[in-house]
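Numbering (mature numbering (1 follows the signal peptide of the UniProt record, and there is no 0)), first residue to last: -18 to -1, 1 to 589.
First up is the structure itself, then whatever we jot down about it.
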């Protein structure tokens, strides 16, 4: 007999497993579970991924593709065998799910169940609504089920029409592990499509709104992911197209006189070029854009400030908080979701370049630093920690008794302090602050963040689960500006040679050669034209905006691809260069483009 209890009680346990795979993965990498390895989880290409297998037996794999695509294969046709693989966007539980005006998901998959031990499987959109700090709403695990084999969840509910299709919506109560840690009773919200399919468009936000219309409590959105799951079954799900986005596609850019046109690029909740302001009662903005988190905050003691988002993780912050107890910060980086200990990441790097200066002070100060938290929920004997790696400062920097260490060839003084105040958990408590203060100030360079974590651990300092890694500009009773023109946070070392790279690229030589491009060759990015946009007709077009898809211009009040590209922007967006030789040898071809090798490193070799 199939029961709801069996299917969900095991599937929910994905968030409670303590055994994790390595750090961040990359496109083309194959992650496997089985033989004691139960889980891998991380972020690649700006999209979250997770593969999980219950410890009851079986095996499975997940191969990451470009963007959010993936291929999952599983063999869990054993008693209580359970497997899942999913990819999507993390929203960080920053605001209510219904506060997002639009969330869309497009997908195409080949999905089939190949074996079963009285089991089943399904393809669905999946996520959570968190209720911390939100009154009167439950913790919720949600499902929008598109296809299934042998069995699907069902209960008393009602039919609704979304995206022109009929869905049955209903809710259930369930007790088990949650994303908060531990076990509790929570709600499960369902939308089950009445006509099964394996490709199409889903207006995810319309499901959230429909659930809210029924009076169901809606909390803060944690994630939106496409999930392939099998219970006592074997199967395959090859997701060849997957995109999650918060701006409707096909929207024309609004006319602008500033030279900055916001892009409708997927992968974030805010358009690049957007300027956030704080002051006059507005003290915070927070979210995710281009796969990187952002926050701007101002104390309610007075002053004002702004944060303008650039492409990738870049930003510009300006503040005027030269008042008594005035405090301002702006930061961008990567959210790691407190999924595993900071020292369990083999490598975390951060590259940055900034113009930073303090323009005024009321006996105040400012600093430029890497910032984040270590959470300690579910961990015994480790404290809650706020950490700082301080690179530059004006007028004052924290100091205490500590020791000098060498990291990235530079001297840092490391020490810790106790502090009482608000935390990321909500409320106020006493927690630890860990510091690494660079002895030679600078405003650009590379930081091996993971080496700081390891050095702190060597001192016997407790290390919890990593919440975030961000570059932070902060002012206390001061005014200033920080223009961050380069910022990248990553979990695989850059510059790995083809022989030792973690990415599973082969170096099988082909005889294919690219043709030499004339100097006036006006070919724009294929990633732009693939979205239905044209190349700009003017070879001297003005670049209004640059992102991972390429360089963008505007003609006839619509986007166009602007500029000559010598290789795929999907390659250069990963930090690789175009090959200098126009007749380079193509060693490898994948979804990102054609790859050559120069100076023992990968480069883009034509189109």
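Ideal placement from N, C-alpha and C gives every residue a C-beta, glycine not left out.
Computed from a predicted structure; not experimentally measured.
- At a cut-off of 3 residues, the continuous stretches assigned as beta strand (DSSP E) that sit fully inside the region 117 to 155 are 122 to 131 and 140 to 144.
- Residue 435 sits in a helix when the DSSP states are folded into three classes.
- Judged by DSSP in its simplified three-state form, residue 318 adopts coil rather than helix or strand.
- Between the alpha carbons of residue 445 and residue 322 lies a gap of roughly 10 Å.
- Taking C-alpha positions only, residue 124 is separated from residue 409 by approximately 28 Å.
- About 5 Å separates the beta carbon of residue 169 from that of residue 122, a gap short enough to meet the 8 Å contact definition.
- Residue 288 is positioned such that its CB atom lies closer than 8 Å to that of residue 257.
- Two segments are said to touch when three or more pairs of C-beta atoms, one from each, lie closer than 8 Å; by this definition the region 429 to 445 touches the region 320 to 334.
- Between residue 39 and residue 214, the beta carbon gap of about 10 Å keeps them out of contact (Cβ cut-off 8 Å).
- Burial of residue 314 is indicated by the presence of at least 16 other C-beta atoms within 10 angstroms of its C-beta.
- Only exposed fits residue 385, as fewer than 16 other CB atoms lie within 10 angstroms of its CB.
- Distances from the CA of residue 128 to each of 148, 297 and 401 were compared; the closest alpha carbon is that of 148.
- A direct Cα-Cα distance of roughly 5 Å separates residue 174 from residue 150.
- Minimum Cα-Cα distance from residue 91 among the listed residues 53, 120, 85 and 116 corresponds to 53.
- In the three-state reduction of the DSSP assignment, residue 540 falls in the strand class, which pools E and B.
- In the structure shown, the three-state DSSP call for residue 355 is strand.
- Taking 8 Å as the cut-off, the Cβ atoms of residue 302 and residue 260 do not count as close.
- In the DSSP assignment, residue 185 forms a beta bridge with 86.
- Judged by DSSP secondary structure, residue 420 falls within the beta strand (DSSP E) whose first and last residues are 410 to 420.
- For residue 423 and residue 297, the gap between their C-alpha atoms comes out near 21 Å.
- Per DSSP, the continuous alpha helix (DSSP H) segment holding residue 551 begins and ends at 551 to 554.
- DSSP places residue 68 in the uninterrupted beta strand (DSSP E) bounded by 64 to 72.
- Judged by beta-carbon spacing, residue 460 lies within the 8 Å limit of residue 304, meaning their Cβ atoms are closer than that value.
- Rounded to whole angstroms, the separation of the alpha carbons of residue 56 and residue 383 is 53 Å.
- Residue 83 and residue 187 have their C-alpha atoms roughly 7 Å apart.
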